[in-house]
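One rule links them: number in the numbering used here = place in the sequence shown (from 1) + 8.
Note sheet for the following structure.
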Amino acid sequence: MCGIIGYSGHRPAVPVVIEGLHHLEYRGYDSAGVASVQCSDFEIVRAKGKLSALEDELSRRPPSHATTGMGHTRWATHGEPAVRNAHPHESNDGTLAIVHNGIIENYLEIKADLEAKGYVFSSETDTEVLVNLVQECRRSEPDLLKAFAKALRLAKGAYAVCLMSREKPGEFLAARMSAPLIMGIGTGEFFVASDIPAFLPYTRQVVFLEDGELARVDCQGYQIYAIKDLSPVSHEVMTIEWDMQSAQKGGYRHFMLKEIFEQPRVVADGLAGRVARGSGAVHLPELDALPVPERLHVVACGTSYHAGLWGRCLIEQWAGIPVQVEIASEFRYREKLLLGPRDMVLVISQSGETADTLAALRIAKEQGVPLLGLCNVVGSSIAREADSVVFTQAGPEISVASTKAMCSQMLMLALMALAWSARKGLTDEAFRAGIVDGLLDLPKKLEEALPGMHARARELSRKYSGAKNFFYLGRGHCFPLALEGALKLKELSYIHAEGYASGEMKHGPIALIDRSFPTFAIALNDDLLPKVKSNMVEIQARQGRVIALANEGCDLGADDVWIVPDAGKPLSAFFVLPALQLFSYETSDYLGKDVDQPRNLAKSVTVE
Ligand code: M6R
């Protein structure tokens with residue numbers, strides 16, 4: 009959830025670290041801090057709140073000339089957002105400083121032991137415990153690398169950490185366990201960071217550290233070791249293909265808006281090389297590596313979970329594969345997980361680092377079922393641990409609210425459904441070619457539709473932003489979209505919103521309806537429309553206002569009708585999705601909320 013960066017090279021470290029933290033701020037923004045060694049003493053600067061507060065603090069101080077440093081941007085887990093809980097944290101003897109992303113689960117036990125030995129703590133964090141544990145380990149093991157490895161072996165939980173010592177100001181140590189950490193390999197300069205954009209202005213050469221590894225880094229180079237026994241480890245250096253421009257706002261007011269408007273490109277990129285107009289063939293070699301499952305378990309969180317629910321409709325209908333979709337935090341703690349020998353687990357995750365999804369994958373792995381990943385981030389933990397991975401190729405998604413990622417996940421799920429369907433011989437070539445042509449038409453149609461949809465979203469957001477509650481209703485493949493619409497509205501505008509299956513309203517929720525409680529009804533021109541219409545009438549009969557997301561020519565009698573292009577079932581979903589995203593975007597912006605960094609959230613949820 010937090011972002012960390014370490015740098016050792018030939019430039020002043022603090023500006024490099026701050027620049028990197030800007031690219032990591034999406035991971036958490038409760039506080040930020042930097043550390044470097046100046047005249048044999050740590051200079052640690054920390055500030056509560058966003059990175060700008062830390063920059064203000066730094067601007068009041070003389071510039072640091074140190075060429076090694078590290079930094080942190082925090083999403084609070086242990087201890088409230090406050091300067092005392094901000095990283096870096098120092099050891100009691102002032103010789104060590106640390107930044108940490110993750111949770112040390114046994115920190116209270118360790119803390120009690122250390123307190124009994126006279127250590128004192130000035131924060132509530134697990135991180136301050138860890139740095140003092142390293143100090144304590146040095147009593148029996150003066151070599152820092154060995155002491156650090158010993159401390160890490162005693163710590164249970166998840167971490168990506170960077171440790172500096174006062175005695176070796178040009179060096180840092182870094183380690184990872186169940187939290188992302190990537191090394192950037194420059195010329196005479198080396199980085200570690202929680203995500204690649206943090207050092208991408210300086211190098212595209214990366215090494216993905218694995219769980220249980222520790223690196224020693226200085227401006228001359230790096231060595232990697234296994235934490236368990238300090239045996240040396242070597243990894244291939246990989247080259248990142250995407251550039252910095254894809255991780256910047258490109259003239260849009262917010263990353264979220266840019267990412268919504270990238271969806272035509274995301275669809276086009278996702279289809280390139282996989283399908284051709286007029287053909288029902290789908291080129292997905294990632295699937296060919298695995299048997300067609302008899303039963304599919306889709307596991308994901310948040311927006312990725314909603315994409316999985318949408319994909320279920322297509323996979324069941326076209327490929328005849330029964331699909332269960334489960335929230336990862338529930339799946340991982342199932343009392344009895346009954347996976348059959350011909351089942352498959354599909355984990356969906358934009359970041360590829362979501363802790364619950366990763367844990368679910370590992371649990372499924374223990375049962376020996378084939379594991380398919382649907383990920384955006386190449387080199388992420390899930391991407392590396394799955395047996396085979398379909399990459400969504402959406403490019404970096406920076407806004408905390410996921411948008412283009414869901415579009416890309418839906419696209420790939422549709423392709424998977426077609427590919428499995430073809431392998432099982434369940435649909436004919438003409439049917440599949442029709443769907444493929446419909447998908448290939450999407451980029452242009454979306455490109456044309458988005459500006460008008462944005463304008464309509466703006467109008468409706470002005471009219472409805474005073475509401476304190478919202479329902480989002482849909483049936484069939486529109487039900488997951490309703491869930492996603494509600495999630496987007498609540499996470500961005502802090503307006504309470506519930507997604508419901510339209511037919512479920514009469515079983516309780518309709519009691520809430522009155523004039524002040526509007527409903528977004530997804531009422532597309534398909535076989536379920538008459539049913540959705542009845543549900544809308546039931547709401548209006550109770551004075552509820554209804555905004556209908558509909559196709560041209562549907563007579564709906566709603567308070568507001570928002571016409572979106574009709575691409576047929578299920579492809580119209582690719583227009584409903586950005587409409588819902590734009591409504592939440594505009595509502596949030598109109599209400600003056602922080603669109604890209606909503607309160608209490610973080611982009612990559614690497615804690616339980
Ligand atoms: O990276 P992942 O797809 O695994 O992330 C899952 C959720 O944390 C994520 O979709 C979250 O719900 C977003 N804030 C939704 O906008």
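A virtual CB, placed ideally from N, CA and C, is assigned to each residue, including glycine.
Please read these numbers as outputs of a predicted model, since none were measured by experiment.
Cutoff 8 Å: residue i Cβ touching any chain D Cβ
i      : result
Thr362 : Looking at the structure shown, chain D is missing, and only one protein chain is on hand.
Sequence-distant residues of the same chain with beta carbon closer than 6 Å to residue i, five excluded per side
i      : result
Glu33  : Leu59 and Thr81
Ala61  : Ala55
Phe129 : Glu136
Pro330 : Arg303
Ala297 : Ser396
Ile26  : none
Val2   : Because the chain spans 9 through 616 in this model, residue 2 falls outside it and cannot be assessed.
Phe487 : Ala509
Leu419 : Val275 and Gly278
Asp226 : Ser16, Gly178 and Glu179
Ile521 : Ile547, Arg550 and Gly552
8 Å contact criterion, which residue i and residue j should meet: CB distance rounded
i      : j      : result
Ala223 : Met246 : At roughly 16 Å, the Cβ-Cβ gap does not stay under 8 Å, so Ala223 and Met246 are not in contact.
Trp326 : Ala425 : 4 Å
Ala105 : Phe50  : 5 Å
Val444 : Ser287 : 7 Å
Leu599 : Ser473 : 6 Å
Ala529 : Val554 : 5 Å
Thr527 : Ile503 : So it is not a contact: roughly 13 Å between Cβ atoms.
Glu175 : Thr76  : With 8 Å as the limit, Glu175 and Thr76 do not qualify as a contact, their Cβ atoms being about 13 Å apart.
Ala367 : Arg340 : 5 Å
Leu160 : Ala183 : 6 Å
Glu361 : Ser337 : Contact flag wrong, Cβ pair sits at about 15 Å.
Sheet register partners of residue i (DSSP bridge)
i      : result
Gln401 : In DSSP, Gln401 forms no bridge with anything.
Thr76  : Ser16
Asn109 : Ala168
Ala206 : BP columns for Ala206 are empty, so no partner.
Asp49  : Gln46
Ser39  : Lys56 and Arg82
Thr527 : Phe479 and Val554
Trp570 : Leu557
Val331 : Leu304
Tyr230 : Val225
His515 : For His515, which the question treats as bridged, DSSP gives no partner whatsoever.
Cys383 : Ser357 and Phe399
Asp351 : Arg303
Gly192 : Phe199 and Val214
Glu591 : The displayed chain sequence assigns Phe, not Glu, to residue 591. Looking at the DSSP assignment, Phe591 forms no beta bridge with any residue, so it has no partner.
Ala183 : Val169 and Leu222
Ala368 : Ala368 pairs with nothing; no bridge assigned.
His504 : Asn477
Gly11  : Thr81
Ala394 : Bridge partners of Ala394: none, in fact.
His314 : Looking at the DSSP assignment, His314 forms no beta bridge with any residue, so it has no partner.
Leu104 : Ser173
His97  : Ile106
Pro240 : Tyr233
Beta-carbon proximity list for residue i, same chain, < 8 Å, skipping 5 on both sides
i      : result
Ser242 : Ile232
Lys539 : Arg483, Ser510 and Gly511
Ile571 : Ala558, Asn559 and Glu560
Lys257 : Phe263 and Lys266
Ile323 : Leu304, Ile329, Val331, Leu421, Met424, Ala425 and Trp428
Leu66  : Val22, Ile26, Val42 and Val53
Asp436 : Gly288
Val408 : Tyr34, Glu499, Asp604, Gln605, Pro606, Leu609, Ala610 and Lys611
Lys412 : Glu267, Ile268, Glu270, Gln271, Val274, Ala402, Gly403 and Glu405
Val214 : Ile190, Met191, Gly192, Ile193, Ile204, Val245, Met246, Thr247, Ile248 and Gly387
Same chain, Cβ closer than 7 Å to residue i, neighbours up to 5 away in sequence not counted
i      : result
Val300 : Trp428, Arg431 and Lys432
Ser596 : Leu500, Ser501 and Val603
Cys52  : Note that residue 52 corresponds to Ile in the displayed sequence, not to Cys. Gly41, Ala43, Pro96, Glu98 and Ala105, listed in sequence order.
Val290 : Arg282, Val283, Leu423, Leu426, Ala427 and Ala430
Leu29  : Gly11, Ile13, Ala40, Leu59, Gly79 and Thr81
Val377 : Leu347, Asp351, Met352 and Val353
Ala234 : Gly220, Glu221 and Val241
Ser312 : Ile356, Ser357, Gln358 and Gln417
List in chain order: all unbroken beta strand (DSSP E) runs of 3+ residues lying wholly within the region 430 to 501.
List check, beta strand (DSSP E) in window: 477 to 482.
Report the start-end ranges of each alpha helix (DSSP H) in the region 114 to 142 that is 4 residues or longer and not cut off at the edges.
115 to 124
Can you check the region 242 to 299 for any alpha helix (DSSP H) of at least 4 residues that lies completely inside it and give the ranges in chain order?
Runs found: 263 to 269, 271 to 279 and 293 to 296.
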